[in-house]
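Chains as they are written, first to last, in the numbering used here: chain V, 1036 to 1388; chain Z, 4 to 543.
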């Protein structure tokens, strides 16, 4: 092949362009720490990276939801434990109120008052809020238009059969004492998402996995027994059995009776108290199991997240050591190329004439 | 003896002329498109001498040298291949350049863009399912929905504005092509005049070849050399330069071509051009651009035609097989706007994608209730129903009632404050195929006839697929471009090897012709001496 002056220059420029192009590419990779600068650099890898990024965000969302639900469950568990502690106090009072006939009427009234105080404290725990939401509330977790609204309410039925809502059980107890034919009860105003076909969505639910949802607020009926329905102004309220029992204990003591006496079904106040305590223990254990399950799911997602991130990184991120070695290689090649061009191009026969 | 002086004179002239050619070569060592020239030495006509020595015939006597021709060293075969490859390379380069612009503005590998907007959109609805009664969350959902619309609009604007730029490039390219055609026709005239006078117009031929090289960047050309030295240039079989006449290419806005009862015509000033019948199919130029009506995305775009007297013929994919023009047309109409194949028709596809996704979300939200329990009957993503599905993005807005009061956003089916069931269903659409009937709808309410590219994919997957197909196309185009450029570079080197000037070679020639000249001068000196001897013989 005949080599011409233009050939030499063209060839030099072409080679310079090739090496410079590669150098620039490596420089971009080193400055951004990414080996893929744009999707067309590696279409398949880019598509995978985009998929993993989307999946990673989703996993992150599930992890957040799990944390949120876990916190809520833990708070619910704490409240139920507190209620159980109060119930243990009630048990002591029941033993005191039934275990000795030596209690005079005044002392029985005092025990009755203590029972009412425990009940008031329990009610306060039932209406506890976490992050602005009632922890035991089914679907109606808050009522923005009525800040005073609570899912568990105290209702007094007077001797005429009329209902009045009051704020505390102590208040209700005072009213009952004034009107001998009246009684108080604690009712729950339930709301469920009956419209949904899926029963698992009867309460506020969140997604914790691909098409896997979990109730965020636990369904009250799963943990408390209801003893009947009371209709007030067209709304059905469910009587909370636990408080009916507490009312009966208080009423028995107030009227001078003994809590040791068995009722028509042959069961004593202590039997009922233990039954409530068993229910609460079961509920706490059940929530604990759920929290544990969420913990293990969270651990699983942590490892998924790490794996996905590692995969994404292996495709998207630059291998710094390798890229730097490659850069150095091309840099050296560029320098030697410049030296060669500089030494070849000035040479001419004219210099030797 | 006197004749020897004549031979020496002829040699002096020939060496001088050869030296001129060498100087011309050296002077043009860096001139692009210059072809090395070579003085071809040929002995002049000899004469036979009459023998006075009986029957012996010593033969003919030479009469010296002359330059028979100044040869231009050029290889037509390499030229033809070089132009073909240039045309191919320009096609891929034009596409690569536009792909580059688009890819830098729609770079989905970075943590921005439509993919990010879709992720944030679904994440906001997820949050809505967790805390539906939270006014901040509702604001975030509205904000992310607006962000999603903006992201769609950004992509649409980038595509539409790039399409305008491509159209502008197309019109400018046509102007340059016509200029080249006129220059070639003018050179044809000068060359044929020189040839008719028996001259070899090497530099004019170089100029014409350079113009043809440039022309081959724009379009695929075929060259036919006429006996007069002129060339005729064809573009995909259509005559562009016919000796000294140019059939101009016209870039005419599609809406300026009028349909006159099945025939098409175009009026420019006082001239009316008729489109040769039977060449337009379905009223579209090149199968994509509708004639006599507004273009869906850009209002109007240039269509290409070649004139034939009072008629015009569409210069489309039937004739454009390579070159920048083909690349520009393909990018503008096929890749960006209307194409069906994978990685093509981005504008149409992204609009269809938005249309079906927004329609589905709208239908789902109509099954919900706002925070006060009121049914939601508006379109959350609103647009004028007259807008076609393949161009809804510019028309989409968010329901103003929800924007001003997010409590009206239906996040649940019951409308109770804690009910985020509908928000959850919408969040789950992140992975649900668009044709899947959501829990809140039935198959009568949602039974879309999806285009093939959307089937079996969620909106996010569809966008990722589009990007993957598109980037594969870019990558493939780049590979072809690099391959073609390598061949082009090799051919250029081959051409340089054949036609380029080597300064060392020319330096050797300089010495060669200088020595030849010196020796011829020496002959004059010797003959002069001999003549002097004879002339002064009697004087002694």
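By construction, the Cβ of each residue, glycine as well, lies at the ideal position given by its N, Cα and C atoms. A quick note: this is a predicted structure, and the numbers were derived from the prediction, not measured.
Close-in-space but distant-in-sequence residues of the same chain around residue i (CB under 7 angstroms, 5 per side omitted)
i	result
residue 20 of chain Z	42 and 70
residue 1121 of chain V	1153, 1156 and 1157
residue 109 of chain Z	116, 158 and 161
residue 347 of chain Z	337 and 338
residue 104 of chain Z	165
Contacts that residue i makes with chain V (C-beta to C-beta distance below 8 angstroms)
i	result
residue 32 of chain Z	1040 and 1041
residue 420 of chain Z	1175, 1176, 1177, 1178 and 1179
Span of the beta strand (DSSP E) around residue i
i	result
residue 308 of chain Z	305-311
residue 1273 of chain V	1270-1275
residue 1248 of chain V	1247-1250
residue 72 of chain Z	68-75
residue 254 of chain Z	252-256
residue 241 of chain Z	241-245
residue 275 of chain Z	274-278
residue 1190 of chain V	1187-1192
residue 40 of chain Z	40-46
residue 1218 of chain V	1218-1223
residue 1350 of chain V	Note, residue 1350 of chain V: premise wrong, no beta strand (DSSP E); alpha helix (DSSP H) at 1304-1351.
residue 1152 of chain V	From DSSP, residue 1152 of chain V is part of no beta strand (DSSP E) but of the alpha helix (DSSP H) over 1140-1161.
residue 226 of chain Z	224-228
residue 268 of chain Z	266-271
Residue range of the unbroken alpha helix (DSSP H) whose run includes residue i
i	result
residue 1210 of chain V	1204-1213
residue 519 of chain Z	506-538
Residues of its chain near residue i, where Cβ-Cβ distance is below 6 angstroms and the 5 sequence neighbours each way are ignored
i	result
residue 1231 of chain V	Low confidence applies to residue 1231 of chain V: its pLDDT is 38, below 50, so where it sits in the model is not reliable, and the reading given next is rough at best. So no residue of the chain qualifies.
residue 1258 of chain V	1318
residue 86 of chain Z	219
residue 399 of chain Z	152, 384 and 386
residue 1163 of chain V	1114 and 1170
residue 1044 of chain V	none
Whole-angstrom C-beta distance between residue j and residue i, which should lie under 8 angstroms
i	j	result
residue 301 of chain Z	residue 177 of chain Z	That belief does not hold up - the Cβ atoms of residue 301 of chain Z and residue 177 of chain Z are roughly 17 angstroms apart, past 8 angstroms.
residue 250 of chain Z	residue 294 of chain Z	Incorrect: roughly 21 angstroms between the Cβ atoms, too far for contact.
residue 1074 of chain V	residue 470 of chain Z	6 angstroms
residue 78 of chain Z	residue 504 of chain Z	With a Cβ gap of about 15 angstroms, residue 78 of chain Z and residue 504 of chain Z do not count as contacting.
residue 318 of chain Z	residue 241 of chain Z	7 angstroms
residue 1352 of chain V	residue 1058 of chain V	Not really, about 20 angstroms apart at Cβ, beyond 8 angstroms.
residue 544 of chain Z	residue 24 of chain Z	Any property of residue 544 of chain Z remains undetermined from this structure, which presents chain Z solely from 4 to 543.
Short CB-CB distance (under 9 angstroms) between residue i and chain C
i	result
residue 1076 of chain V	Going by chain labels, chain C is absent from the structure shown, which instead holds the protein chains V and Z.
Chain V residues whose Cβ lies nearer than 9 angstroms to that of residue i
i	result
residue 470 of chain Z	1074, 1078, 1081, 1082 and 1085
residue 38 of chain Z	The premise fails here: residue 38 of chain Z is roughly 11 angstroms from chain V at the closest Cβ pair, so nothing lies under 9 angstroms.
residue 511 of chain Z	1384
residue 86 of chain Z	By Cβ distance, chain V contributes nothing, its closest Cβ being about 17 angstroms from residue 86 of chain Z, past 9 angstroms.
residue 507 of chain Z	1040, 1382, 1383, 1384 and 1385
Partner residues on chain Z for residue i, Cβ-Cβ distance less than 9 angstroms
i	result
residue 1224 of chain V	Residues of chain Z passing the Cβ test: none, with the nearest at roughly 12 angstroms.
residue 1103 of chain V	133 and 134
Contact list for residue i against chain V, beta-carbon separation under 7 angstroms
i	result
residue 126 of chain Z	1092 and 1096
residue 474 of chain Z	1074, 1075, 1078 and 1081
residue 110 of chain Z	1073
residue 499 of chain Z	1039, 1041, 1042 and 1045
residue 478 of chain Z	1075 and 1078
Contact set for residue i: own chain, Cβ-Cβ below 8 angstroms, skip 5 residues either direction
i	result
residue 511 of chain Z	none
residue 548 of chain Z	Look at the range of chain Z in this structure, 4 to 543, and you will see that residue 548 of chain Z is not part of it.
residue 38 of chain Z	75, 76, 77, 205, 208, 209, 212 and 502
residue 181 of chain Z	249, 251 and 252
residue 532 of chain Z	none
Residues that residue i contacts on chain Z, provided the C-beta gap is smaller than 7 angstroms
i	result
residue 1326 of chain V	Chain Z residues near residue 1326 of chain V: none, gap ~18 angstroms exceeds 7 angstroms.
residue 1329 of chain V	Those do not exist, as residue 1329 of chain V stays about 14 angstroms from chain Z at its closest Cβ, beyond 7 angstroms.
Neighbouring residues, chain Z, relative to residue i (Cβ below 8 angstroms)
i	result
residue 1242 of chain V	129, 132, 427, 430 and 431
residue 1245 of chain V	434
residue 1100 of chain V	129 and 133
Using a Cβ-Cβ cut-off of less than 8 angstroms, give me the residues of the segment 1043-1065 of chain V that come near chain Z, in sequence order. Here the close residues are 1045, 1046 and 1049.
Proximal residues, the segment 133-153 of chain Z versus chain V, C-beta separation under 7 angstroms: 133 and 136
Which of the residues in the segment 271-289 of chain Z, read from start to end, lie with their CB under 8 angstroms from any CB of chain V? none
Against chain Z, which members of the segment 1246-1269 of chain V pass a CB distance test of less than 9 angstroms? 1246, 1248, 1251 and 1252
Interface residues of the segment 94-110 of chain Z facing chain V [CB-CB below 8 angstroms]: Within the segment 94-110 of chain Z, the residues whose Cβ lies closer than 8 angstroms to some Cβ of chain V are 102, 106, 107 and 110, listed in chain order.
Would you list, in chain order, the members of the segment 451-471 of chain Z that have their beta-carbon closer than 7 angstroms to a beta-carbon of chain V? 463, 467, 470 and 471
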